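Which chain is which? The protein sequence lines are A and B, in order. With the UniProt record's numbering applied, the first sequence corresponds to residues 1 to 218, in that order. With the UniProt record's numbering applied, the second sequence corresponds to residues 1 to 545, in that order. Backbone N, C-alpha and C fix where the C-beta goes; we use that ideal spot for every residue, glycine too. Remember, it's a predicted structure, so these values are computed and weren't measured experimentally. Working notes for the structure below.
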Amino acid sequence: MAGRGGRGRGRSNMTFSLENLGIGRGEALPPSSLQPSPLFPPMTFQPVPLQTGEEVEYMLALKQELRAATKNLPYYIRQSAARRDVLRYSDKYHRDEARDSIMDWRPDWSRLPNELCIKVRKSQKKVLPQLKGTKTTTSGKEEVLSKLEFLEKKEEIVNSEDEEDEEKKKTNEEEEQEQEEELDEEEVEEETDYIMSYFDNGEDFGVDSDDNMDEATY
Amino acid sequence: MTAQEVRLCGLLLQEHFGDVVEKVGTHLLRNGAQHLRAIVQETGTPMDLVKKSLCVLIQHGACAFSSGRKGPGSPVEYQASFERILRILRYPRYIYTAKTLYGDTGELIIEELLQRGHMTMSSTVKTVADRLTLNMEEGHSMEYSEVSNTFSKLVETHFLQRCPPVEVAGKAVSATPDPATTPGAPANNTTPSTPESFADCYKVPHVTLIGRGKRRNSSEDGEDQRNAKRAKEDPETHGDEGIYWQVNFERFHLHFRDQAIISAVANKLDQTSSEIVRTMLRMSEVTTPPIATCTQALSANEIFRSLPPNYNISRPILDQYLTLLVDDPMEFVGKSGDSGGGMYVVNLHRALANLARATLESVVQERFGSRSARIFRLLLRKRHLEQKQVEDFAMIPAKEAKDMLYTLLSENLVQLQEIPKTPDHAPSRTFYLYTVNQLPTARMLLQNCFKTVANLIERRLFETKESKRLLEKSQRIEAILASLQASGAEPEQLTEVEEMITPPEKQQLESLRHHINKLDSAENQVDETIFLLESYIKSTATATR
Chain A
1 MAGRGGRGRG RSNMTFSLEN LGIGRGEALP PSSLQPSPLF PPMTFQPVPL
51 QTGEEVEYML ALKQELRAAT KNLPYYIRQS AARRDVLRYS DKYHRDEARD
101 SIMDWRPDWS RLPNELCIKV RKSQKKVLPQ LKGTKTTTSG KEEVLSKLEF
151 LEKKEEIVNS EDEEDEEKKK TNEEEEQEQE EELDEEEVEE ETDYIMSYFD
201 NGEDFGVDSD DNMDEATY
Chain B
1 MTAQEVRLCG LLLQEHFGDV VEKVGTHLLR NGAQHLRAIV QETGTPMDLV
51 KKSLCVLIQH GACAFSSGRK GPGSPVEYQA SFERILRILR YPRYIYTAKT
101 LYGDTGELII EELLQRGHMT MSSTVKTVAD RLTLNMEEGH SMEYSEVSNT
151 FSKLVETHFL QRCPPVEVAG KAVSATPDPA TTPGAPANNT TPSTPESFAD
201 CYKVPHVTLI GRGKRRNSSE DGEDQRNAKR AKEDPETHGD EGIYWQVNFE
251 RFHLHFRDQA IISAVANKLD QTSSEIVRTM LRMSEVTTPP IATCTQALSA
301 NEIFRSLPPN YNISRPILDQ YLTLLVDDPM EFVGKSGDSG GGMYVVNLHR
351 ALANLARATL ESVVQERFGS RSARIFRLLL RKRHLEQKQV EDFAMIPAKE
401 AKDMLYTLLS ENLVQLQEIP KTPDHAPSRT FYLYTVNQLP TARMLLQNCF
451 KTVANLIERR LFETKESKRL LEKSQRIEAI LASLQASGAE PEQLTEVEEM
501 ITPPEKQQLE SLRHHINKLD SAENQVDETI FLLESYIKST ATATR
C-alpha cells in the first residue's frame with residue numbers, strides 16, 4: 001500500500017490499477033487508521049428486537065428449568081472440594097450429599113468399554129484397606145456405619161445381585177473418597193510411636209449419635 | 001473443528017455437566033480420537049474423574065468409543081462429536097415440539113430422555129408417570145398404559161429410536177443381528193453404523209408394565225420414600241433390559257424443516273397455499289428419504305382428497321393455487337408431469353436454499369442498511385458484475401456504491417474475481433468482477449452464529465457472577481419464606497422476612513432477571529438461524545454428491 005500515498009503524482013507501484021477498482025485520480029481516500037478498531041464500535045443500525053409471544057416465553061422457561069435441573073442430576077460432576085488443613089465437623093455431612101447423587105446413576109456397563117468400569121478396577125484395591133483395617137479403626141467404623149445406613153435405606157431387597165452391585169459400588173465410591181483419608185492417617189501413624197487404637201480423639205462422639213440407636217448415652 | 005465451535009461446545013458442556021467434563025470434552029474435540037491414558041496425562045485430571053466424565057459423555061451420545069487404529073491390541077479410543085453437543089442448544093425446541101404434537105405426556109417423555117441421554121422404556125414410563133401424577137389433583141394418578149401408548153406413538157412416528165447395540169472387540173455382541181452393515185472384523189470398525197442400520201430400530205419391545213404413577217407425600221420424606229420405593233422397584237424386570245431408547249434428532253429436524261417451509265409459504269402467499277403445502281408434506285412424510293432433494297410426486301387428485309375437511313375449496317381453485325405455487329419465484333413447488341391432473345413435488349433442496357438466501361439477505365440488510373442489501377441481492381442474482389455495472393443496476397450514486405461495496409468486501413460478504421485479458425495479468429487489462437458465493441458465505445455466517453451464541457452465554461455467566469451475592473441472598477430469603485409458609489406463620493412475619501431485601505436490591509434483581517431472560521431468548525433465536533444454515537449446508541453437500 002506504499003503507492004497509495006502517491007495519488008495525484010501519477011506514480012504507482014501497485015500490481016492493479018486503481019481506476020479499475022473505481023478510485024479515480026485525485027480523489028480522496030479514507031484516512032488510514034493508526035490504532036486497532038474499538039472493542040465496542042458504535043452501531044449505525046440498531047438490531048431488530050427479539051421475538052415475543054407465548055411460544056417464545058414457554059421455550060425460555062423450558063431452557064431455564066433445564067439448566068437448573070441439570071445441576072442436580074448425577075451427570076453433573078463436581079471436582080471434590082480442596083482439602084482443608086483441619087478436618088472439620090461439617091465435612092462429614094458435605095461428603096454424604098455428594099455421595100447420594102452419585103448413587104442414583106448406574107450406567108449399563110455392558111455398553112461401555114471395560115476400562116471405564118470403576119467397579120472392576122477398584123475391586124483390586126479392596127485388598128489394601130482390609131489389611132490396614134486393624135490399624136485404622138475410625139475408617140472401619142465409618143464403613144460399617146455407612147453400610148448400616150445403606151442397608152436401612154434398602155429395606156427388603158429380593159434381588160441379591162443388585163444388593164451386591166450396589167454395595168460394591170457404594171464401597172467403591174467410599175473407598176475413592178476414603179483413600180485420601182487413609183493416606184492421611186497412614187502419615188499420622190508413621191510419625192508417632194503410639195498405638196492409634198488407644199488414642200481417642202473424640203471423633204467417635206458425633207459419629208455414634210448419628211445411628212438411631214435407642215440405647216441411652218451416658 | 002473451528003475455534004468457535006470448540007469454544008461453544010466448551011461452554012455448553014460446562015453449563016450442563018460441570019468443569020471436569022468440559023475439560024475432558026474440549027480436549028477430545030481439539031485433538032481427535034484419543035485413548036484413556038493420553039487424556040489423563042494431557043488434561044492433568046485424576047483417572048477416576050476422567051472415567052466418570054467419559055461415562056457421562058458416552059451416556060449422552062456425545063462421545064463414541066472404538067477399538068484403536070493400530071490393530072486389535074491397541075487401547076480403546078474415544079472421540080467426541082461436536083454436532084451432538086451442539087444439540088443441547090436446541091433441547092427447548094424439541095421439548096416444545098413434542099408438547100404440540102403429543103401433549104404433556106409426550107413433552108415429559110422427550111424431556112426425560114434428553115436429560116438422561118438414553119433410558120429403557122420401562123424406566124422412562126415410570127418416571128414420567130410419577131412426574132405427571134405429582135401435578136394432578138389428589139386422588140388421581142397416571143396410568144402406566146397411557147404413558148406407554150404415547151411412547152409407542154412416538155416410536156411409530158420415528159421421533160424415538162433404539163440405541164444401536166455396542167460392538168467392540170472383546171465385548172458380547174447384542175442379539176439384534178445385522179450382518180449387512182457390520183464389517184467382518186469388529187476390531188476394524190472405523191465407520192460407525194447409524195442407529196437406522198439396525199433392523200429393529202423402531203420396534204417397541206413387549207413390556208409388561210401394569211401400574212399407576214406414585215405420588216410422594218411431602219418433599220422432606222420424599223427422598224427416603226423414593227429410595228425405599230426404588231429398592232422395591234429395582235428387582236422387577238419388565239422384559240426390556242438392555243434395550244435403550246434415544247431421541248431421534250434427525251426426525252425432529254425434518255419436522256422443523258417442514259415447519260419452516262410452511263411458514264415461509266404462509267408469509268409469502270396466503271394461508272390456503274400453506275395448507276396445501278402442509279398436506280403435500282404430510283402425505284410424503286413416510287415415502288421421502290431424509291436426504292431427498294424433493295418429495296415424491298403427488299397428483300392433484302390425491303392432494304384434493306387429502307386436504308383437511310374444514311378446507312372445502314373446489315377442485316378448480318385447488319388447481320389455480322397449485323399453478324400459483326409453481327409459478328412463484330421461490331420455487332417451493334414444482335410440476336413434474338401431467339398425469340392424474342398434474343403431478344406436483346415440493347422442492348425441498350431449493351426451498352432450503354431460498355430460505356438460506358433470504359437469511360443472508362436479511363443479515364446484510366440489518367447490519368449495513370437497505371441499499372447495501374440491494375447491492376447484495378443484485379450480486380446474488382447476477383452473479384458477476386463490474387464496479388460500473390453495480391452502480392447502474394442498483395441505481396445508487398457511484399461514490400456511495402463504491403463505499404458500500406468496499407464495506408461488504410472488507411466483511412468478506414462479497415468477493416473479488418479477477419479475469420485477465422492477457423497472460424501477464426496486467427492490471428490495466430484485467431476485469432475485476434464482484435461476486436457473491438452463497439455456500440461459502442453461509443458457512444461463514446454459521447461460524448458467526450456460533451461465536452454469537454458463545455458470546456451470549458459468556459455474557460450471561462458474567463452477569464450472574466457479578467450479582468452472585470445478591471442472588472444467593474434472594475434464594476436464602478425465598479427458602480426461609482417457603483419454610484415459614486409451610487409451617488403456618490403469620491403475615492407479619494412473612495412481610496418482615498420479605499423486607500430483608502431492600503427496594504434498590506429488588507430493582508437490581510429485577511433488571512438482572514430481565515437481562516438474563518433477554519440473553520436466553522436471544523440464544524434460542526440464534527439457534528433457529530443455526531438450524532436453517534446447517535440444513536442448507538448439509539442439503540447442498542448431499543445434493544452435489
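In the structure shown, B/L533 falls within a helical segment according to DSSP collapsed to helix, strand and coil. For B/A356, the closest C-alpha among the options B/V345, B/L380, B/F368 and B/S372 is that of B/L380. Going by DSSP, B/H16 is part of no beta strand (DSSP E) but of the alpha helix (DSSP H) stretching over A3 to F17. Contact check for B/V453 against B/V526 passes: the beta carbons are separated by less than 8 Å. Contacts between A/K63 and chain B, judged by CB atoms closer than 8 Å, involve Y91, P92, D520, E523 and N524 in chain order. Listed by position along chain A, the residues whose Cβ is nearer than 8 Å to that of B/S53 are I77. Selection A/L112, A/K63 and A/P113 evaluated against B/L114 yields A/K63 as nearest (Cα-Cα). The Cβ of A/Q35 sits no closer than 8 Å to any Cβ of chain B. Within the stretch 368-385 of chain B, the residues whose Cβ lies closer than 8 Å to any Cβ of chain A are, in chain order, F368 and G369. Close partners of B/N517 in chain A (Cβ separation under 7 Å): L60. Residues of chain A with a Cβ closer than 7 Å to the Cβ of B/I58 are, in chain order, L112. For A/L34, the secondary structure class from DSSP, reduced to helix, strand or coil, is coil.
For B/L509, no Cβ of chain A is located within less than 8 Å of the residue's own Cβ. Interface criterion not met: the Cβ of B/D130 is under 8 Å from no Cβ in chain A. Under DSSP, B/C63 shares a beta bridge with B/A80. For a Cβ distance threshold of 8 Å, residue set R67 and T70 of chain A lies close to B/E15, ordered along the chain. Between A/V86 and chain B, the shortest Cβ-Cβ separation is not below 8 Å. Rounded to whole angstroms, the separation of the alpha carbons of B/V345 and B/G337 is 10 Å. Residue-level contact by beta carbon holds for B/I95 and chain A, with a gap shorter than 8 Å.
At a beta-carbon threshold of 7 Å, the residues of chain B lying near A/P107 are C55 and Q59, ordered along the chain.
The DSSP-derived three-state label of B/F450 is helix.
Any Cβ of chain A closer than 8 Å to the Cβ of B/Q115 would place that residue at the interface, and such an atom is present. When DSSP reads this structure, B/F431 sits in a beta bridge with B/I419. Its chain contains K473, S474, I477 and L509 as the residues whose beta carbon lies nearer than 8 Å to that of B/I501, once the 5 sequence neighbours on both sides are disregarded; these appear in chain order. In the DSSP secondary-structure assignment, B/L385 is bridged to B/Y434.
Secondary structure at B/E143: strand, using DSSP grouped into helix, strand and coil.
If you check the CB distance, B/R87 and B/F256 do not come in under 8 Å. Leaving aside the five residues that flank B/K421 on each side, the residues in its chain whose CB is nearer than 6 Å to its CB run, in chain order, R429. A residue is called buried when at least 16 other Cβ atoms come within 10 angstroms of its Cβ; B/D258 meets this threshold and is buried. Contact note: A/P47 reaches chain B through E366, using a C-beta cutoff of 7 Å and chain order.
Taking the beta carbon of B/F249 as reference, no residue of chain A falls within 7 Å; the closest one sits roughly 16 Å away. Not a single C-beta of chain A is nearer than 8 Å to the C-beta of B/G73. When C-alpha distances from A/Q79 are compared across B/Y244, B/N310, B/H515 and B/V24, the shortest belongs to B/V24. Rounded to whole angstroms, the Cβ separation of B/L378 and B/V363 is 16 Å, and the two are not in contact under 8 Å. Your pair B/S372 and B/L408 checks out as a contact, with CB atoms roughly 6 Å apart and the cut at 8 Å. Under the three-state reduction of DSSP, B/C201 is assigned to coil, being neither helix nor strand.
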